[in-house]
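In the numbering used here, the protein residues as written are 158 to 378. Since the structure comes first, as structure tokens, the remarks are kept for the end.
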């Protein structure tokens, strides 16, 4: 038990976890002391323990690795370990770094699905309820190599949105504008990029316009 105690520190309050962390709390009844509780946690590699003094129930908190993919069903939930009256809480000395390294942090990146006038709307279903940052960038306009003028860069837009698990997002990524075919023509305009909820008539979340095509004398805007 002495070897295990050096790996834990006494907590002044409960351990709180949000749904970005995949976690599990297991109760072990009839724990004789906090040393027994800590030893059980140490041998099973849990992140924190709580001993309920009145009932002598030891609660073990486990943090699963969800950094690359979501954890098991119902494991992403609000947790509070040791919030009961009279609870004695101990946590691993490295609990903060463990939580951050195992927190759900998945980025979905979409590119244009085709070229020219062809393309399609791509879709993504939200796995977990939470706050998400969505970024969109419009496609660049086409250049005019004959005149030495460049197409304009597309706009960049971003925002944070509270989304519920199961919501379907539709993503439309703009195509880049084509180059001028001769010195007297302008380059094609870049397509805009859009993210909205549901189908084509759904709620728009982010829109980023495409860049203008280059002309004979001016760069695109």
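Where a beta carbon is used, it is the ideal one built from N, C-alpha and C, also for glycine.
- Report back the beta-carbon spacing between residue 247 and residue 195 to the nearest angstrom; my notes put them in contact at under 8 Å. The count along the chain shown starts at 1 and reaches residue 247 at position 90. The count along the chain shown starts at 1 and reaches residue 195 at position 38. Rounded, the Cβ-Cβ distance is 6 Å, consistent with contact.
- Kindly indicate the opening and closing residues of the alpha helix (DSSP H) around residue 195. The sequence position of residue 195 within the chain shown is 38, counting from 1. Judged by DSSP secondary structure, residue 195 falls within the alpha helix (DSSP H) whose first and last residues are 191-201.
- Query: For residue 184 versus residue 215, is the C-beta distance shorter than 9 Å?
  - Reply: Here the question's residue 184 lines up with position 27 in the chain shown. Here the question's residue 215 lines up with position 58 in the chain shown. For the 9 Å CB-CB criterion, residue 184 and residue 215 form a contact.
- Query: From residue 259 to residue 181, what does the alpha carbon distance come to, in whole angstroms?
  - Reply: Taking the first residue of the chain shown as position 1, residue 259 is located at position 102. Taking the first residue of the chain shown as position 1, residue 181 is located at position 24. In this structure, the CA atom of residue 259 is about 13 Å from the CA atom of residue 181.
- Message: With a threshold of 6 Å on Cβ separation, who are the neighbours of residue 277 within its own chain once the five nearest residues in sequence on each side are excluded?
- Response: Reading the chain shown from its first residue, position 120 is the one you call residue 277. Sequence-distant partners of residue 277 (beyond 5 residues in either direction) whose C-beta falls short of 6 Å from its own C-beta, in its chain, are 270.
- Reduced DSSP secondary structure (H/G/I, E/B, other) of residue 180: For this step, residue 180 is matched to residue 23 along the chain shown. In this structure, DSSP gives residue 180 an extended state, which the three-state scheme calls strand.
- Task: Rank 245, 327, 347 and 352 by C-alpha distance to the C-alpha of residue 366 and give the top, closest one.
- Result: Working through the chain shown from its first residue, we reach residue 366 at position 209. If we check each option's Cα against that of residue 366, 347 comes out closest.
- Item | DSSP-derived helix/strand/coil call for residue 166 | Translated into the one-based positions of the chain shown, residue 166 becomes position 9. Judged by DSSP in its simplified three-state form, residue 166 adopts strand.
- From residue 210 to residue 186, what distance separates their C-alpha atoms? Here residue 210 corresponds to residue number 53 of the chain shown, with the count starting at 1. Here residue 186 corresponds to residue number 29 of the chain shown, with the count starting at 1. Between residue 210 and residue 186, the C-alpha separation is close to 11 Å.
- Item | For residue 311 and residue 296, believed in contact at Cβ under 8 Å, the rounded distance | Position 139 of the chain shown, counting from 1, holds the residue named residue 296. Position 154 of the chain shown, counting from 1, holds the residue named residue 311. Taking C-beta atoms under 8 Å as the contact rule, residue 296 and residue 311 qualify, at a distance of about 5 Å.
- Message: Less than 9 Å between the C-beta atoms of residue 349 and residue 308, yes or no?
- Response: Numbered from 1 along the chain shown, position 192 holds the residue referred to as residue 349. Numbered from 1 along the chain shown, position 151 holds the residue referred to as residue 308. Contact: no.
- Task: State the start and end residues of the unbroken alpha helix (DSSP H) segment that holds residue 257.
- Result: Here residue 257 corresponds to residue number 100 of the chain shown, with the count starting at 1. From DSSP, the alpha helix (DSSP H) with residue 257 extends over 252-259.
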